[in-house]
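Using the numbering used here, read the sequence shown as starting at 998 and increasing by one per residue. No residue lacks a Cβ here, since even glycine has one placed at the ideal position from N, Cα and C. Just so you know, these numbers come straight off a predicted model, no measurement behind them.
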Amino acid sequence: MSSNTSLEGKTAVVTGAGAGLGRSEALALAERGANVVVNDVGPAAGDVAAEIRALGREAVAVTGDIGDWSMGDRLVEAAVESFGGLDIVVNNAGVLRDKMLFNLTESDWDDVIRVHLKGHAGLSRAAAVHWRAASKAAGGPVYARVINTSSEAFLFGSAGQPNYSAAKAGIVALTLSTAQGLSRYGVRANAICPRARTGMTAGVFGDGGEAGGLDVLAPERVATFVSYLASPASEEINGQVFVVYGDMVALMAAPTVERKFTAADGVFSVEELDAQVGPHFSGRDPYRTYAAYSVAQLDTTGVQNVARAK
998 MSSNTSLEGK
1008 TAVVTGAGAG
1018 LGRSEALALA
1028 ERGANVVVND
1038 VGPAAGDVAA
1048 EIRALGREAV
1058 AVTGDIGDWS
1068 MGDRLVEAAV
1078 ESFGGLDIVV
1088 NNAGVLRDKM
1098 LFNLTESDWD
1108 DVIRVHLKGH
1118 AGLSRAAAVH
1128 WRAASKAAGG
1138 PVYARVINTS
1148 SEAFLFGSAG
1158 QPNYSAAKAG
1168 IVALTLSTAQ
1178 GLSRYGVRAN
1188 AICPRARTGM
1198 TAGVFGDGGE
1208 AGGLDVLAPE
1218 RVATFVSYLA
1228 SPASEEINGQ
1238 VFVVYGDMVA
1248 LMAAPTVERK
1258 FTAADGVFSV
1268 EELDAQVGPH
1278 FSGRDPYRTY
1288 AAYSVAQLDT
1298 TGVQNVARAK
């Protein structure tokens, strides 16, 4: 194992780690040498912690709802008390309440925003407090990695997931704020948009086939990339968004300005706006919107347009 990709001596917190993608991420980090604080709402967190200890690494389970703001503090405290510090945060926990907008209830909205977006924010804030204090005590940057879990749903606006899409868009914005606000302390924050076959995606993905002897949509594939972002090798990667699945990692470009409209005399009238803006959209492809439909066309071995199905 390269020292540049080793996590020996590092401590990670992984939320939603009792099953699916979070479990795979926790195990992958442990296999690279990290101690892990395993968080989930149920007893499965303890089972995953036991799996990690069976690998010869250290792990503790902290059961509780990441949507509770105080849970972030509890997880950071568990890392410090159990292993002497905190180096890596993997925000993964989530829930689904899929509805079309006209069927969406207040609880459908609140549940998803609370677990996904508030859950990411609460732990990120607690970790930021810890790292800022550690950096000041050290007199310079510390080792710190944040890997947040967004989704392609925010990129092309999943019609049946207005709550989920909004939460995932918020997570990207949170990631950018974290990257820009904490880089001086040594923090590197990035977001992934993973495709993986888990309990949350049961019934969404068909048989994707295999590549290299492994299911194309196996969560272990995503976990490998998370391990890389958590490693010293990712030092120069900050404030980025990646689509990850199968045999592919795609780096997303930042939004760009398509066209600028300028008032001739310094102040627009409605008529001048109509004269300038209207023709630009006349006969335009209705699918040419801010939504990144091209992402749905990303293909990898054995996977055909699974993003559209999602």
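Span separating the alpha-carbon of residue i from that of residue j
{"i": "R1050", "j": "L1171", "result": "33 Å"}
{"i": "I1110", "j": "N1160", "result": "7 Å"}
{"i": "V1274", "j": "W1106", "result": "34 Å"}
{"i": "V1059", "j": "S1155", "result": "33 Å"}
{"i": "D1070", "j": "D1282", "result": "48 Å"}
{"i": "G1173", "j": "N1187", "result": "This sequence places Leu at residue 1173; Gly is not what is there. The alpha-carbon atoms of L1173 and N1187 are separated by roughly 8 Å."}
{"i": "P1229", "j": "A1261", "result": "52 Å"}
{"i": "Q1177", "j": "G1039", "result": "34 Å"}
{"i": "E1232", "j": "S1180", "result": "10 Å"}
{"i": "S1291", "j": "T1008", "result": "37 Å"}
{"i": "R1194", "j": "K1165", "result": "18 Å"}
{"i": "G1182", "j": "Q1294", "result": "Here residue 1182 turns out to be Tyr, not Gly, going by the sequence shown. Their backbone Cα atoms lie some 38 Å apart in a straight line."}
{"i": "P1276", "j": "E1268", "result": "12 Å"}
{"i": "A1251", "j": "G1061", "result": "35 Å"}
{"i": "G1043", "j": "A1289", "result": "39 Å"}
{"i": "P1138", "j": "V1184", "result": "8 Å"}
{"i": "D1108", "j": "K1257", "result": "39 Å"}
{"i": "A1134", "j": "V1126", "result": "12 Å"}
{"i": "W1018", "j": "S1067", "result": "A quick correction: the sequence has Leu, not Trp, at residue 1018. Taking the straight line from one Cα to the other gives about 24 Å."}
{"i": "F1153", "j": "G1053", "result": "42 Å"}
{"i": "R1218", "j": "C1190", "result": "13 Å"}
{"i": "I1234", "j": "S1224", "result": "13 Å"}
{"i": "A1025", "j": "A1220", "result": "6 Å"}
{"i": "A1090", "j": "V1010", "result": "11 Å"}
{"i": "F1265", "j": "V1254", "result": "19 Å"}
{"i": "V1238", "j": "A1227", "result": "14 Å"}
{"i": "G1167", "j": "G1119", "result": "13 Å"}
{"i": "V1303", "j": "A1150", "result": "Low confidence applies here, because V1303 scores a pLDDT of 40, under 50, leaving its location unreliable and the question unanswered by this model."}
{"i": "V1312", "j": "F1222", "result": "The displayed coordinates of the chain run from 998 to 1307. Any statement about residue 1312 would go beyond what the structure contains."}
{"i": "G1299", "j": "E1048", "result": "Summary for G1299: the model assigns pLDDT 47, below 50, so the residue's position carries little reliability; its value from the coordinates is reported in the next sentence. For G1299 and E1048, the distance between alpha carbons rounds to 31 Å."}
{"i": "I1212", "j": "V1073", "result": "Note that residue 1212 corresponds to Asp in the displayed sequence, not to Ile. Approximately 34 Å, taken between the alpha carbons."}
{"i": "L1270", "j": "M1249", "result": "32 Å"}
{"i": "S1003", "j": "A1027", "result": "10 Å"}
DSSP state of residue i mapped onto helix, strand, coil
{"i": "N1302", "result": "Unreliable positioning characterises N1302 in this predicted model, as indicated by a pLDDT of 42, which lies under 50. A coordinate reading is not provided."}
{"i": "A1141", "result": "strand"}
{"i": "R1020", "result": "helix"}
{"i": "N1089", "result": "coil"}
{"i": "N1100", "result": "helix"}
{"i": "D1271", "result": "helix"}
{"i": "F1258", "result": "coil"}
{"i": "V1077", "result": "helix"}
{"i": "L1026", "result": "helix"}
{"i": "A1215", "result": "coil"}
{"i": "A1247", "result": "strand"}
{"i": "Y1182", "result": "helix"}
{"i": "V1264", "result": "coil"}
{"i": "T1172", "result": "helix"}
{"i": "P1252", "result": "coil"}
{"i": "P1283", "result": "coil"}
{"i": "T1008", "result": "strand"}
{"i": "N1187", "result": "strand"}
{"i": "T1221", "result": "helix"}
{"i": "Q1294", "result": "helix"}
Outcome for residue i when other beta-carbon atoms lying within 10 angstroms are tallied against a minimum of 16
{"i": "H1113", "result": "buried"}
{"i": "D1244", "result": "exposed"}
{"i": "Q1301", "result": "Only weak support exists for where Q1301 lies, its pLDDT of 44 falling under 50; the value from the coordinates is given anyway. Answer is exposed; the Cβ neighbour count stays below 16."}
{"i": "E1022", "result": "buried"}
{"i": "D1037", "result": "buried"}
{"i": "K1115", "result": "buried"}
{"i": "M1097", "result": "exposed"}
{"i": "R1305", "result": "Any reading at R1305 is ruled out, since the residue's pLDDT is 34, under 50, leaving its predicted position unreliable."}
{"i": "N1100", "result": "exposed"}
{"i": "S1000", "result": "exposed"}
{"i": "T1175", "result": "buried"}
{"i": "R1285", "result": "exposed"}
{"i": "F1278", "result": "exposed"}
{"i": "S1121", "result": "buried"}
{"i": "E1012", "result": "In the sequence as presented, Glu is not what sits at residue 1012; that position holds Thr. Classification for T1012: buried."}
{"i": "Y1287", "result": "exposed"}
{"i": "S1148", "result": "buried"}
{"i": "S1104", "result": "exposed"}
{"i": "A1272", "result": "exposed"}
{"i": "A1123", "result": "buried"}
Any contact between the segment 1137 to 1145 and the segment 1080 to 1087? By contact I mean 3 or more CB pairs, one from each, below 8 Å. Judged by Cβ distances under 8 Å, the segment 1137 to 1145 makes contact with the segment 1080 to 1087, as three or more pairs qualify.
Tell me, please, whether the segment 1026 to 1043 touches the segment 1072 to 1080 by the rule of three or more beta-carbon pairs shorter than 8 Å.
Result yes; three or more Cβ-Cβ pairs closer than 8 Å.
Q: Scan the segment 1026 to 1073 and note each continuous beta strand (DSSP E) run of 3 residues or more that stays entirely inside, going in chain order.
A: Whole beta strand (DSSP E) segments, 3+ residues: 1032 to 1037, 1056 to 1060.
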